[in-house]
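Inspection log for the structure reproduced underneath, given as structure tokens.
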Amino acid sequence: MSEHRCELGVARGRVNVVIVSHVVWALRLLVAVVFGWAGFAKLANRAGTRQSVEEFGVPARWCSMVATALPVVELVVAAAVLPSWTATAAGVTALGLLLVLSLLVARLLLRGERPACSCFGATSARPIGAPTLLRNVVLGLLVLAAVLGSLARDDVPQELPFGYAAGTAALAVIGVVQLHQGLALRQLRRRIDVRPPAQAAAKGLPVGVLAPEFDLASTDGGRGSLRSALAAGAPVLLLSLRPGCGPCARIAEELPRWRERLAGKATVLLIGTGDAASVAAWAREHRVGEMLIQQSAEVGKGYRLHGSPAAVLVDTAGRIAAPGAFGTYAIRELLSDAASGRPSP
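Each residue of the sequence shown is one higher than the last, beginning at 4 in my numbering.
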């Protein structure tokens, strides 16, 4: 009887060991998937990665190096977390990366800045916030569990059947590819949805022509015009927004950061479409400051800025300096070009 109980206890112990080994392997696969996806996505969007690195406060002279090295390190972590002899070191490195990123995010949020985080490529680009920190905490806990599991079970995945270990790894890769394709398709649909119908027919006024003058009432009770904005001696970026427009709200969230980057390089002039009360209420809600009010898109028609959001850059001579930008992505590119002094195509 006692011998039977002993055998039963040994069998249960073996089952527990197998379960723990499976959990440890699953955790390491998850870490490999997350960091592999992040690394490949950054390499596929190198321009966006460099912009994110710059906006996160990395000195300009280091931006290119960091933007190149970061995805490489992430890919090394993804590969090294799988073999038992490198899993612990890879996990500790992953924890370090998450800690540094979390500290940078917290610092930016405390300063009131919300740059777009494209940690998983262009498909995930959105302004940072509390959810970004929460995501990092969750990932950190998963990585920590993988590290502790690897220390406790240093014979994983050797102990597991080869077919199971290889099969689950292959399924993880297939899952990542499918998820990435799904997110890319979703992003493409969003870009199509926010693209104004007139975008295909009108790209704004030709570069080099005189920008039409306008004089509009403002939400502060005064008036504003192109001439008065140009009097500051800097190019003027006209940004047309509309209350109730989702993409316009996303641009509004990023305005404080863009205004800081554009300081001394360009003046951002906001034009809201709608009645005075709704435009003023929207400006207060999104804390964008003064907005000029166009009742029926009269300025938009003059500049061929059909739909919202839309933007155009006017140089100090009062001429169109770049093609009109329609939608959030094109506007971000125009803002980035204006902030860096790069000529727009």
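Don't be surprised by glycine CBs; every beta carbon is placed ideally from N, CA and C.
From a predicted model like this one, the values you see are computed outputs, not experimental measurements.
- Between the alpha carbons of residue 51 and residue 45 lies a distance of about 8 angstroms.
- Counting along the chain, residue 276 sits inside the beta strand (DSSP E) bounded by residues 270-276.
- According to the DSSP secondary-structure assignment, residue 297 is paired through a beta bridge with 276.
- One thing to note: residue 69 has its Cβ within 8 angstroms of the Cβ of residue 61.
- For residue 94, the secondary structure class from DSSP, reduced to helix, strand or coil, is helix.
- Taking 8 angstroms as the cut-off, the Cβ atoms of residue 292 and residue 283 do not count as close.
- Going by C-alpha positions, residue 271 is about 45 angstroms away from residue 93.
- CA-CA distance, residue 88 to residue 157, rounds to 8 angstroms.
- Per the C-alpha coordinates, the member of 310, 151, 110 and 38 positioned closest to residue 133 is 110.
- Annotated three-state conformation of residue 85 is coil, per DSSP.
- Between residue 143 and residue 26, the C-beta spacing is not below 8 angstroms.
- Taken atom to atom, the span from the alpha-carbon of residue 101 to that of residue 305 is near 49 angstroms.
- For residue 314, the enclosing beta strand (DSSP E) has its first and last residue at 313-317.
- Look at residue 302 here: in three-state DSSP terms it is helix.
- Put simply, the backbone Cα of residue 35 is about 36 angstroms away from that of residue 337.
- In the three-state reduction of the DSSP assignment, residue 221 falls in the strand class.
- Counting along the chain, the unbroken alpha helix (DSSP H) around residue 150 starts and ends at 133-155.
- In the structure shown, residue 117 adopts coil according to DSSP, grouped into three states.
- The C-beta distance from residue 343 to residue 296 rounds to 31 angstroms, too long to meet the 8 angstroms contact threshold.
- With a 10 Å radius around the Cβ and a threshold of 16 neighbouring Cβ atoms, residue 298 comes out exposed.
- Taking all protein chains shown into account, residue 86 has fewer than 16 neighbouring C-beta atoms within 10 Å of its C-beta and is therefore exposed.
- Pairwise C-beta distances place the region 211-229 out of contact with the region 251-265, as fewer than three of them are shorter than 8 angstroms.
- In this structure residue 150 touches residue 91 by the C-beta definition: roughly 6 angstroms separates them, less than 8 angstroms.
- Between residue 216 and residue 139, the alpha-carbon positions lie close to 48 angstroms from each other.
- For the options 99, 123, 104 and 72, the alpha carbon positioned closest to that of residue 40 is the one of 123.
- Straight through space, the alpha carbons of residue 325 and residue 315 are spaced by roughly 7 angstroms.
- For residue 243, the beta-bridge partners assigned by DSSP are 274 and 313.
- Going by DSSP, residue 227 is part of the beta strand (DSSP E) stretching over 226-228.
- Collapsing the DSSP output to three states places residue 290 in coil.
- Between residue 258 and residue 148 a beta carbon distance of about 40 angstroms is seen, past the 8 angstroms cut, so the two are scored as non-contacting.
- The shortest CA-to-CA distance from residue 99 to any of 332, 120, 73 and 334 is the one to 73.
- Boundaries for residue 323: no alpha helix (DSSP H) harbours it, and the DSSP string shows neither H nor E there.
- Counting of Cβ neighbours within 10 angstroms places residue 240 among the buried residues, the total reaching 16 or more.
- Residue 49 sits in a helix when the DSSP states are folded into three classes.
- Secondary structure at residue 208: coil, using DSSP grouped into helix, strand and coil.
- Residue 319 counts as exposed, since fewer than 16 other C-beta atoms from the protein chains shown sit within 10 angstroms of its C-beta.
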